[in-house]
Structures are given as C-alpha cells and as structure tokens.
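Residue numbers (the numbering used here): 61 to 327.
The C-beta atom is built at its ideal place from N, Cα and C for all residues, glycine as well.
As structure tokens, the structure follows; a few thoughts come after it.
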C-alpha cells in the first residue's frame with residue numbers, strides 16, 4: 061500500500077465503497093424493498109377485499125328490508141292455511157290431538173246453529189298435495205297454417221295463449237296437512253243453511269267436498285215404505301211454524317300448514 065500511488069489508493073477506496081454499498085443493498089435494502097413490494101401487494105389485495113365487504117355491509121339494510129317485506133307478504137298469503145282448529149298440533153306437532161281439536165271446533169258451530177248430530181267421523185291427518193288450477197288452451201294447428209306463418213305471428217300468438225299454463229305447469233307442487241270430516245246433522249232448513257254459512261264465512265282453510273240433504277223439501281209427511289223423517293220442531297214463541305227438518309250429510313276437508321318462522325336478521 062505504501063508503494064501505491066495516490067491515484068491507485070483512490071481507485072481502491074472507491075471500489076471498496078461501491079462494494080460496501082452493493083453489499084449493504086443486498087444485505088439490508090433489497091430485503092426491505094422486497095418486503096415493501098410484498099406489503100404493497102397485500103395492501104392492494106386487502107383493500108379490494110375490504111371494498112367488497114363494505115359494499116356488502118352497505119347493502120345489508122336494504123336487503124333486510126326486502127327480506128322483511130317478503131316475509132310479511134308471505135305471512136299474509138299463508139295465514140289462511142294456519143288453521144286455528146289445529147292450534148295444538150301447530151305448537152307441539154302431536155297428531156293425537158287433531159281429532160279432539162276438530163271435534164271441539166265443529167261442535168261449537170253445530171251448537172250455535174241448534175243442530176243435532178246423528179253421525180260424526182274424523183279421518184286421520186295426512187299430507188296432501190295442492191295442485192294449481194289453470195287453463196291451458198288446446199290451440200288449433202295444421203301443417204299449412206304453420207308453413208304459412210312466415211313472419212312468426214301465429215307462433216307468437218300461440219305462445220301468449222299457453223304462456224300462463226306453461227309457467228304454472230312447471231311450478232313445484234306444495235303439500236300441506238289435511239283432515240277429512242264426515243258428519244250427519246239434523247235440523248230445520250234455516251239452521252242447516254246457517255251452519256253452511258258459518259262454514260263459508262270461516263277464515264280457516266275449509267273445503268266443503270259434498271253436501272247431501274235427505275229431505276230437500278223439509279216436509280215431515282211420512283211416505284209409504286219410507287222410514288219416518290225427524291219430527292217437526294215445536295212452534296216458535298211468536299207462533300210461527302219453523303218448518304220441517306231434514307238430515308244433512310257433509311264431507312269437509314280441513315287444510316293446515318304452519319306459517320314460516322320470522323327470519324333472524326340479527327336485530
């Protein structure tokens with residue numbers, strides 16, 4: 061080193077500084093830079109993910125409102141199928157209570173309309189499918205008509221005619237619980253008609269499948285070879301004759317479906 065010129069010493073010094081800088085870059089700066097680049101990529105990815113979460117969070121109030129509105133509308137439509145005559149079974153699902161509940165429910169309406177029961181039979185509760193009622197027209201078609209439909213007008217008109225039936229036909233058929241009740245009642249024409257009005261006005265899902273009135277004239281005269289009809293009731297307090305009686309046989313079907321639970325939206 062003593063024999064080296066000043067110029068050589070400066071060159072060695074500069075080279076040493078460069079080596080130290082390069083070594084420092086690779087030893088300290090480059091790892092830090094690589095980490096910075098990686099952190100930047102993580103930040104961008106996390107920010108994109110967060111922006112997506114933010115959008116979802118902002119959409120929650122509107123989504124909750126739509127769910128609640130849909131639930132309230134569906135509850136109104138389904139309310140008719142939550143039959144109060146099946147109140148117990150809708151709470152504890154015990155099928156043994158169904159017959160008793162129907163018996164008590166119908167007896168109240170029977171007693172309110174001054175009718176006598178001569179026969180009463182309740183079937184077992186079971187699942188039944190409710191099919192959609194719709195009209196699907198049987199359109200007229202033939203080869204020449206279809207060949208002449210060069211503009212597609214006929215095909216378009218036919219598609220409109222069968223559109224409703226096609227859409228409904230593809231819908232899933234729902235099933236609910238149903239119970240058949242067969243009973244025979246004796247009473248005056250007015251009381252029997254009032255009982256039918258009571259059933260018709262009932263807010264529950266009840267369908268009258270069949271009605272058979274044995275003595276449709278409600279006259280008590282006995283016909284030869286025929287069994288005696290029920291006795292005519294006594295006159296009213298006002299002295300008016302209420303008319304004769306008859307036996308009426310009814311086939312009823314009670315429908316029931318528990319409505320959906322309210323969605324838990326974390327309120």
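Asked	Found
Beta-carbon proximity check, residue 313 vs residue 242, cutoff 8 angstroms	no
Spatial neighbours of residue 66 in its chain, beta-carbon cut-off 7 angstroms, leaving aside the 5 residues before and after	none
Through-space distance from residue 125 to residue 93, alpha-carbon basis	49 angstroms
Residue 158 at chain B interface by Cβ criterion, 8 angstroms	You won't find chain B in this structure, because it holds only one protein chain.
For residue 74 and residue 68, the rounded distance between their alpha carbons	10 angstroms
DSSP state of residue 255 mapped onto helix, strand, coil	helix
7 angstroms Cβ shell around residue 180 - same chain, five flanking residues per side excluded	243
As assigned by DSSP and simplified to three states, the class of residue 318	coil
Unbroken beta strand (DSSP E) run spanning residue 244, endpoints	234–248
With 16 other Cβ atoms within 10 Å as the buried cut-off, status of residue 205	exposed
Other residues of its chain near residue 224: CB distance less than 7 angstroms, five sequence neighbours each side excluded	194
Residues of its chain near residue 45, where Cβ-Cβ distance is below 7 angstroms and the 5 sequence neighbours each way are ignored	Given a span of 61 to 327 for the chain in the structure shown, any question on residue 45 remains unanswerable.
Any non-hydrogen atom of the ligand HEM within 7 angstroms of residue 167 CB	No copy of the ligand HEM occurs in the structure displayed, which carries no ligand at all.
Cα-Cα separation between residue 176 and residue 228, rounded to whole angstroms	44 angstroms
Three-state secondary structure (DSSP) of residue 79	helix
7 angstroms Cβ shell around residue 141 - same chain, five flanking residues per side excluded	236, 265, 315, 316 and 317
Beta strand (DSSP E) runs contained entirely in the segment 113–143, provided each spans 3 or more residues	none
CA-to-CA distance, residue 104 to residue 218, given in whole angstroms	56 angstroms
Whether residue 269 touches residue 311 by CB criterion (8 angstroms)	yes
Spatial distance of residue 251 from residue 174 (CA atoms)	7 angstroms
Member of 216, 191 and 81 whose CA lies at the smallest distance from the CA of residue 230	191
Complete runs of the alpha helix (DSSP H) confined to the segment 167–238 [at least 4 residues]	203–208 and 213–229
Residue 145 (DSSP reduced to helix, strand or coil)	helix
Inter-residue Cα distance where the pair is residue 232 and residue 196	17 angstroms
Inter-residue spacing [alpha-carbon to alpha-carbon] between residue 169 and residue 254	10 angstroms
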